[in-house]
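Chemist: Pasting a structure here, questions to come.
Numbering (the numbering used here), first residue to last: 58 to 120.
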């Protein structure tokens, strides 16, 4: 995202990338990335942040 302006009320996906060199210059062989994590800035979401929304099953769990 670089120097992108983050906006309140919007969800964002973050990931950590680690490269084989002391300075990271982009994805290359030997680059490792963790799973993406969804964060939201501001109030709780009133709608699903997954599109299409995940169906909810018994007990309120997505399936």
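By construction, the Cβ of each residue, glycine as well, lies at the ideal position given by its N, Cα and C atoms.
Can you give me the Cβ contacts of residue 87 inside the same chain, cut-off strictly under 7 Å, excluding the 5 residues immediately before and after it?
Modeler: 76 and 77
Chemist: Select from 74, 70 and 100 the residue whose C-alpha is nearest the C-alpha of residue 91.
Modeler: 74
Chemist: Return the chain-ordered list of same chain residues with a C-beta closer than 8 Å to the C-beta of residue 63, the five sequence neighbours on each side being excluded.
Modeler: 69 and 98
Chemist: Have a look at residue 39 and residue 71 and give me their C-alpha separation to the nearest angstrom.
Modeler: Absent from the structure is residue 39, since the part of the chain shown begins at 58 and ends at 120.
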